[in-house]
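For the sequence shown, the residue numbers in the numbering used here are 1 to 91. Right, one structure below, let's go through it.
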Amino acid sequence: MKTIFRIISLLEGISYLLLLFVAVPIKYFGSDPSYVKMLGMPHGVLFITYIILAFLLKSELKWNNKTFFTILIASIIPFGTFYIDRKYLKN
């Protein structure tokens with residue numbers, strides 16, 4: 001399950017960056033909301049999956065509360081999931 005979490009973490013991070021740095025500027029500067037609509041749903045699904053998997057892996061990977069909180073917060077910070085992968089998931 002750790003491998004699946006790493007993949008979801010990577011995809012969630014990429015989708016978040018695309019949403020923030022590509023789709024949102026196109027929406028506001030180019031007056032085209034279609035990219036936000038197109039990327040929003042997949043990002044939402046990946047975000048929810050990331051959170052659920054984090055809860056499922058907490059006991060398996062023996063994360064203390066501080067580590068677990070860091071992993072959860074990283075999902076809302078740009079580039080955060082990449083940091084989590086490098087620091088806590090990569091062996």
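Where a beta carbon is used, it is the ideal one built from N, C-alpha and C, also for glycine.
| Query | Result |
| --- | --- |
| Residues in its own chain within less than 8 Å of residue 81 by CB, not counting five upstream and five downstream? | 9, 10, 12, 13, 16, 50, 74 and 75 |
| My guess is that residue 20 and residue 40 are in contact by the Cβ rule of under 8 Å, so how many angstroms apart are they, rounded? | Going by Cβ atoms, the distance from residue 20 to residue 40 rounds to 11 Å, so no, they are not a contact pair. |
| Find out if the Cβ-Cβ distance for the pair residue 88, residue 71 is shorter than 8 Å. | yes |
| Just checking my contact of residue 57 with residue 5 at CB under 8 Å: how many whole Å lie between their CB atoms? | 6 Å |
| If I measure Cβ to Cβ from residue 26 and keep anything under 7 Å in the same chain, skipping five residues before and after, which residues do I get? | 32 and 35 |
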